[in-house]
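For the protein sequence lines, the chains are A and B, in the order given. So the number in our numbering is just where the residue sits in the first sequence, counting from 1, plus 935. So the number in our numbering is just where the residue sits in the second sequence, counting from 1, plus 935.
Protein chains: 2
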Amino acid sequence: MMNNFLVKVASTIEKFNMANKSERLLVCLSGGADSVTLLLCLYELGYDVCACHVNHHLRGEESDRDQHFCEKLCEKLGVELKVFHADVVGYCKEHSVSTEEGARKLRYDFFDSIGADKICTAHSLSDCLETAIFNLARGTGLKGICGIPPVRGNIIRPLINCTRQEIEDFLKERGQDFVTDSTNLTDDYTRNKIRHLVVPRLAELNSSLFGSYSMTADRLRTDSDYLESQGLEAFEKAVLPKGYDALCLRQLHESVRRRAIMHILEKEGLTVSHDSIEDIDRLILDVGKANVKGGVFAVCSKGVLSFVKGEMLENSTIRSVNVSGEGVYQFGNREIEFKIYPFDGKIANVHKKFANCCLDYDKIKGEIVVENRREGEKIRLVNRDFDSDVRKLVNKYFRLEDRSSAVILKDSQGVVFVEGSGAAERVKIDSETVKILAFTIK
Amino acid sequence: MMNNFLVKVASTIEKFNMANKSERLLVCLSGGADSVTLLLCLYELGYDVCACHVNHHLRGEESDRDQHFCEKLCEKLGVELKVFHADVVGYCKEHSVSTEEGARKLRYDFFDSIGADKICTAHSLSDCLETAIFNLARGTGLKGICGIPPVRGNIIRPLINCTRQEIEDFLKERGQDFVTDSTNLTDDYTRNKIRHLVVPRLAELNSSLFGSYSMTADRLRTDSDYLESQGLEAFEKAVLPKGYDALCLRQLHESVRRRAIMHILEKEGLTVSHDSIEDIDRLILDVGKANVKGGVFAVCSKGVLSFVKGEMLENSTIRSVNVSGEGVYQFGNREIEFKIYPFDGKIANVHKKFANCCLDYDKIKGEIVVENRREGEKIRLVNRDFDSDVRKLVNKYFRLEDRSSAVILKDSQGVVFVEGSGAAERVKIDSETVKILAFTIK
């Protein structure tokens, strides 16, 4: 009679088309419960399996104990084991990455060097849910909410539908021991916080939390896969000899367009981030230029999005206009009208944009100057108890190509107004205001 | 200078196209912080606002205190208030629904009776995140992960981008008091568990949890909206005079097809559930019949999916075949071959299905009978310490149209084998087994 757990692992492998018996599978064996279970399962299911252990030498004697355990286990099973010794600390210093990231990178480099058909990692359904919650807490998209993918390239995760409890029960039933990483039991890391403090609370709301999540993840993955394939297809259709078909991209639904943009950014070797996607998206929907990387500009013109090297001369001009009183002032291609009113104590139900354009006239020190943004300028906005970086405020509210023409007002003591963000606390209108300086920007 | 909070509410209304100033907005006023804030904001932003309070008379004096508070607040603002008195207990008894559901239903009935253009509820970003987590814990799809929709029909939620903290700060700044529902501060309800025990842990992982979630929800909603619109479009295309174009549905991606099926189920007045969607999905991809509701069958034939009333005569036949020894037995349109082997003490690496089809010959009491499922039958499967319902096991592993031909084996003491689920504990092979009864089902 085949063990229920083995049946579950076998059907996960089948469901996600993970591997066939002619392939050589490499198990990443740490010696912990998950990877020991993975090795045993694949071995018992009759796969052509080999193992690999990476000694990170990060935990002194414990690291060597783990290596020894793996060696004994593989010897007992007659499974080939390759042991790597990694200098994580040195690697991380050299490449300026975190310990966790460095260890991960080194591991995968080793795995690749073995040349197995598939690399098998022991991520469980518990890991998958924890990752989904972690991503939700940090901010994510659909892909992140799906947790850990069952298959990614040649990496497969046959335990992705088994919970940590099921894994422990399986080992107990077999009388198979395993090693425990002492850092796993503490709450030092965010993952452990989710594992020990969040998941148990959710399990109190639903006793079959993991079963439910498994179905949820399946549904979300199906949606995500569909959208990803739509995005890739749209990207491929949009590729032109020297750029991308913006008209074609413009017709797509935002969901698909954003995913196509991710492929464009990747192809151009640019950072894929919320902001970079937004910047390109705005260009596609409109026209213009955006600085996407030092010296690289995305340009959308005549229905073609392209990436060019060069300077945005026109926009990077530093402008400065002195305001000598009421009237209309020209600022680049924009017009600003200033007026001075007596203040009757009430500003109620005025239009939002207009309301932002009123300052207490008597609190202004010296003359007003209209400028575009400069490096290093700060403003303390109304009702804030901290200074904001003017450049960041402008970046937040303006498209890349418009940022250098955003209107900044300064008096002799510094910035008093930033277009899109509003006035400084020190010139705000209050119960003692007598005259107001009102202005509208066109 | 317009308050930051008001600006945020105004831009949420604008972003989601919630309302314009010519519409009459009804605020559902409980007297709590959220709804008081909502009323104040809409009033100050210059909307045509009226209010409505439902006294559920569920919390004695506290209920009356809340009503009185709302009356005074509206009087102060000069806002029209309509008070309803709801007999929730009676309503719930009559309609057999939970208190929470009954109260909600009654509230919306009252709201509709007022005939405002839009109904405004005070759900916040905090509520939205809590709902997303609640749905994640209970099992959900993409729509559920998005939490609470900013707009649903004529219901709008202008505070959906404001956190509970921001709401409380706004009221504090105004010196505006509010009432507190004593049941909200306890951990009696699941929602409060998420609010007080889960969300604070996540906020420890990301100090701008709500800002991140707001962006996450935006992205997920965009994806969800796109998929929903694709599903609706596919449904509309598939509608035929007497059914649905199964060939057309079959070509869709699972993500879109499942959503189209939800529309089909809704149109046919059938329950929309994971199982009902699965059942119709299988029919579309294959052919056959499925009982979708007492007396209603979904039939897929010649490329058309249709819903008919009637009986599934052929499949509902009760069949029973006596097994008198080795040989091949006919069971409906299926064949079962029985063999008896001596047992050498090892069953290793046998095929999963085959392994399931071995019983300890000597533990079988009396003769074996092959039957299809009957009501009320139980089996204690191998390694389980509880009895399973045979009907449920069959439902779990078989499509609707195949369930009545699933093979059940019985001896004189009851069920010993259920196809798809395996053998009973009492006939399992162990170290004392001498002969095995092996069988294969074709």
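Just so you know, even glycine gets a beta-carbon here, dropped at the ideal spot from N, CA and C.
- request: Verify whether the separation of the beta carbon atoms of A/I1091 and A/C1055 is less than 7 Å.
  value: yes
message: Could you check if A/L961 belongs to the surroundings of the ligand PLP, using beta carbon to heavy atom distance under 6 Å?
response: Although the ligand PLP was asked about, the structure shown includes no ligands whatsoever.
query: Thinking just about the alpha-carbon of each residue, which of B/A1341, B/E1163, B/R1185 is nearest to the one in B/I1271?
result: B/A1341
field: Residue range of the alpha helix (DSSP H) that includes A/K1007
entry: 996-1012
query: What residues from chain A crowd round B/H1188, counting only those whose CB sits closer than 7 Å?
result: Y1161
task: List the endpoints of the continuous beta strand (DSSP E) containing B/R959.
output: 959-963
- prompt: How many Å lie between A/V1317 and B/A954 at the Cα?
  reply: 28 Å
task: Return the Cβ separation of B/V1239 and B/A1195 in integer angstroms, given the expectation that the two are a contact with Cβ distance under 8 Å.
output: The pair is not a contact, with the Cβ atoms about 15 Å apart (cut-off 8 Å).
- request: Whole angstroms is fine: what's the gap from A/K1078's alpha carbon to B/R1334's?
  value: 30 Å
- prompt: Quick one: does A/T1151 have its CB under 7 Å from some CB of chain B?
  reply: yes
field: Local Cβ density within 10 Å of A/K1224, reported as buried at 16 or more and exposed below that
entry: buried
field: Cβ of A/V1133 within 7 Å of any chain B Cβ
entry: It does: the Cβ of A/V1133 has a partner Cβ on chain B nearer than 7 Å.
A/A1341 in three-state terms, based on DSSP: When secondary structure is reduced to three states using DSSP, A/A1341 falls in the coil class, being assigned neither helix nor strand.
message: Taking the straight line between their C-alpha atoms, what separation do you get for B/I1303 and B/V1256?
response: 9 Å
Rounded distance between the beta-carbons of A/L1012 and A/F1145, thought under 8 Å: With 8 Å as the limit, A/F1145 and A/L1012 do not qualify as a contact, their Cβ atoms being about 29 Å apart.
- request: Please specify which runs of the beta strand (DSSP E), each continuous and at least 3 residues long, are wholly inside the segment 1299-1344 of chain A, giving them in chain order.
  value: 1303-1306
message: To test your reading of the DSSP string, which unbroken alpha helix (DSSP H) runs of 4 or more residues are found completely within the segment 1198-1285 of chain A?
response: 1209-1220, 1248-1251
query: From A/H1198, A/S1190, A/E1163, pick the residue whose C-alpha is nearest to that of A/G1178; which is it?
result: A/H1198
query: If you drop the 5 nearest sequence neighbours on each side, which residues of the same chain put their C-beta closer than 6 Å to that of B/D1295?
result: V1362, I1364, T1368
field: B/V1133 versus B/R1126: straight-line alpha-carbon distance, rounded
entry: 10 Å
query: B/I1219 to A/S1211, Cα distance in whole Å?
result: 42 Å
query: Distance, Cα to Cα, B/E958 vs B/F951?
result: The straight-line gap from Cα to Cα measures roughly 15 Å.
query: Could one say the Cβ of A/R1217 lies closer than 7 Å to chain B's Cβ atoms, at least one of them?
result: Not an interface residue.
Chain A within 7 Å of B/L1184, Cβ atoms only: no
field: Which listed residue (B/H1209, B/R1217, B/G1050, B/L1094) has its alpha carbon closest to that of A/T1151
entry: B/H1209
Assumed close pair B/S1314, B/D1320 - CB separation to whole angstroms, cut-off 8 Å: For the sequence presented, residue 1314 of chain B should be read as Ile rather than Ser. The Cβ separation is near 13 Å, so there is no contact.
task: Could you tell me the distance, in whole angstroms, from the CA atom of B/S1159 to the CA atom of B/I1343?
output: Rounded to the nearest angstrom, the two C-alpha atoms are 43 Å apart.
message: For A/K1228 and A/F1242, I'd like the C-alpha separation in whole angstroms.
response: About 10 Å.
- prompt: Of all the options B/R1326, B/K1298, B/D1297, which has the alpha carbon lying nearest to the alpha carbon of B/E1306?
  reply: B/R1326
- prompt: What residue ranges within the segment 1125-1179 of chain A form continuous alpha helix (DSSP H) runs of no fewer than 4 residues, ordered along the chain?
  reply: 1125-1128, 1134-1140, 1144-1173
query: List, in order along the chain, the chain B residues whose C-beta lies closer than 9 Å to that of A/R1136?
result: A1072, K1128, I1129, L1132, V1133, R1136
query: With a cut-off of 8 Å, do at least 3 Cβ pairs link the segment 962-974 of chain A to the segment 1001-1019 of chain A?
result: yes
message: Excluding the 5 residues flanking A/E1101 on each side, which residues of the same chain have their C-beta closer than 7 Å to its C-beta?
response: F940
query: According to DSSP, is B/L1071 helix, strand or coil?
result: helix
field: Contacts around A/E1312, its chain only, beta-carbon distance under 6 Å, and the 5 residues preceding and following it disregarded
entry: If we look at A/E1312 and ignore the five residues flanking it on each side, its Cβ neighbours are V1325, V1350.
query: By the criterion of Cβ-Cβ separation under 7 Å, what are the contact partners of B/N1318 in chain A?
result: Around B/N1318, the beta-carbon contacts reaching into chain A at under 7 Å are N939.
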